[in-house]
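Residues in the first sequence are numbered consecutively from 438, following the working numbering.
Written out below as structure tokens is the structure these notes cover.
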Amino acid sequence: MPELPEVETVCRGLASCLEGRRIERVDVRRSGMRIPFPKGLASVMQGRKVTRVTRKAKYILMYLDDGHVILAHLGMSGRMVISSEKVSPGRHDHIVLTTNEATTIMFNDPRRFGLLTFTTDQELAGHRLLRDLGPDPLDRGFTPEVLSQSLRGRSTNIKSALMDQKLIAGLGNIYVCESLHWAGISPRRRSLSVPGLRAKRLVPAIKKILHEAILAGGSTLRDHIQPSGELGYFQHQFHVYDREGEECLRDTCIAKGVRIKRIVQSGRSTFYCSECQR
DNA sequence: CACTCTCCCTGAAAGC
DNA sequence: TGCTTTCAGGGAGAGT
Numbered sequence: 438m439p440e441l442p443e444v445e446t447v448c449r450g451l452a453s454c455l456e457g458r459r460i461e462r463v464d465v466r467r468s469g470m471r472i473p474f475p476k477g478l479a480s481v482m483q484g485r486k487v488t489r490v491t492r493k494a495k496y497i498l499m500y501l502d503d504g505h506v507i508l509a510h511l512g513m514s515g516r517m518v519i520s521s522e523k524v525s526p527g528r529h530d531h532i533v534l535t536t537n538e539a540t541t542i543m544f545n546d547p548r549r550f551g552l553l554t555f556t557t558d559q560e561l562a563g564h565r566l567l568r569d570l571g572p573d574p575l576d577r578g579f580t581p582e583v584l585s586q587s588l589r590g591r592s593t594n595i596k597s598a599l600m601d602q603k604l605i606a607g608l609g610n611i612y613v614c615e616s617l618h619w620a621g622i623s624p625r626r627r628s629l630s631v632p633g634l635r636a637k638r639l640v641p642a643i644k645k646i647l648h649e650a651i652l653a654g655g656s657t658l659r660d661h662i663q664p665s666g667e668l669g670y671f672q673h674q675f676h677v678y679d680r681e682g683e684e685c686l687r688d689t690c691i692a693k694g695v696r697i698k699r700i701v702q703s704g705r706s707t708f709y710c711s712e713c714q715r
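This is the structure in structure tokens:
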């Protein structure tokens, strides 16, 4: 499922085939996904040159040369399938773009939790989907002090707090679980006990996990150009995520045969090791 | 305001 | 084997 590292990789893939190119054809194949496609979506994109493709948290931003910005979110099953050959769209290919270099980009999303809409340069920062987002965890400005400040006084558990996009924008279930494990912090711990020393471990842990995931995604980027491309899906070496009942791989746990646990917090599965995460 | 729950949707996997 | 049920997840909006 696409979280920040996957979205980052998707952005790089889109940038490589869209930046500086013109969108020649736009095929909108249904009325909407999580939200309806706005009126005039196709005509806004058609004939425009893409100047830049970037990311804000888990949102993809495609800047057009007339000041419009395409705003896309992959939800949990969304993919951007890039192909240099002619391909016929399938049931879940909801939007198909063709560039002046005959590259096809299909926004595929079986569960339709994703979205695609447009706004303008001017209105971007105040857009309702973006305005309440917290800092991006990979920004230089995301420091232990900043995290501490937003966790201070919060009584909810640290796992749910890190999932809250208003506090930090871009983490999802997988990378929250993995970051807490790397930092040795229990997901059950109350947020207000994290500021200070634990935040000093947690922030570098988050950055490290995200950077490694982006690197892993980056190495498979080449494959995305293939028609069968699996853009947005990567095999990662998880230490805790989806490993309930399996051994914790940490040095200090491996000899003891400690098992990964699964609990539910705020309606979401949390995977952790109760031995090395306190 | 802080926080949790529900819902949207489909495909994979588990259960019968 | 094949049908039915369960589960997963991001985030908006409702509910406590």
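The beta carbon of each residue, even a glycine, is placed where N, CA and C say it ideally should be.
For clarity, every value in this text was computed on a predicted model and none was experimentally measured.
Check                                                                                                                                                                                   : Outcome
Check this for me: beta carbons of Thr540 and Ile507, under 8 Å apart or not?                                                                                                           : no
May I ask you to report which of helix, strand or coil DSSP gives Leu634?                                                                                                               : helix
Excluding the 5 residues flanking Lys493 on each side, which residues of the same chain have their C-beta closer than 8 Å to its C-beta?                                                : Leu567, Leu570, Asp573 and Ala606
Of all the options Gly469, Glu681 and Ile643, which has the alpha carbon lying nearest to the alpha carbon of Lys596?                                                                   : Ile643
What does Tyr496 pair with, by DSSP beta-bridge criteria?                                                                                                                               : Lys493 and His510
Leaving out the 5 sequence neighbours to the left and right, which residues in its chain are closer than 6 Å to Phe579 when beta-carbon positions are compared?                         : Pro572
So within the stretch 504 to 581, which uninterrupted alpha helix (DSSP H) runs reach at least 4 residues, ignoring any that extend past its ends?                                      : 558 to 561
Decide if the stretch 448 to 455 is in contact with the stretch 531 to 551; the criterion is three or more beta carbon pairs, one per stretch, under 8 Å apart.                         : yes
To the nearest angstrom, how far is it from the Cα of Glu683 to the Cα of Phe708?                                                                                                       : 11 Å
Tell me whether the stretch 693 to 712 and the stretch 630 to 646 touch, counting them as touching only if at least three CB pairs, one residue from each stretch, are closer than 8 Å. : no
According to DSSP, is Lys596 helix, strand or coil?                                                                                                                                     : helix
Using a Cβ-Cβ cut-off of 8 Å (strictly less than) and excluding sequence neighbours within five positions of Pro526, which residues of its own chain qualify?                           : Asp464, Arg466, Val533 and Met543
Please name the residue in Asn594, Leu604 and Arg591 whose C-alpha comes closest to that of Val725.                                                                                     : There is simply no residue 725 to check, as the chain begins at 438 and stops at 715 in what is shown.
State the start and end residues of the unbroken alpha helix (DSSP H) segment that holds Val613.                                                                                        : Asn610 to Ala620
If you follow the beta strand (DSSP E) that Asp721 is part of, which residue opens it and which one closes it?                                                                          : Given a span of 438 to 715 for the chain in the structure shown, any question on residue 721 remains unanswerable.
What first and last residue would you give for the beta strand (DSSP E) that runs through Ser706?                                                                                       : Arg705 to Tyr709
Using C-beta distances below 6 Å, list every residue in its chain close to Ser555, excluding the 5 sequence neighbours before and after it, in chain order.                             : Residue identity differs from the one stated: residue 555 is Phe in this sequence, not Ser. So the qualifying residues of the chain are Val481, His505 and Ile507.
From this set, Leu441, Val487, Leu599 and Glu712, which residue's C-alpha is nearest Val613's C-alpha?                                                                                  : Leu599
When burial is assigned at 16 or more other CB atoms within 10 Å of the CB, is Ala692 buried or exposed?                                                                                : exposed
Have a look at Val695 and Leu686 and give me their C-alpha separation to the nearest angstrom.                                                                                          : 9 Å
Is it buried or exposed, Pro475, if we count other Cβ atoms within 10 angstroms and call 16 or more buried?                                                                             : exposed
Closest to Ser616 by CA distance: which of Pro547, Leu629 and Arg635 is it?                                                                                                             : Arg635
Going by the beta-carbon positions, is the gap between Thr535 and Arg462 smaller than 8 Å?                                                                                              : yes
Around the Cβ of Gln586, are there at least 16 other Cβ atoms within 10 angstroms (buried) or fewer (exposed)?                                                                          : exposed
Please report the residue range of the beta strand (DSSP E) in which Val701 lies.                                                                                                       : Lys698 to Gln702
Checking 8 Å against the spacing of the C-beta atoms, do His531 and Asp546 come in under that value?                                                                                    : yes
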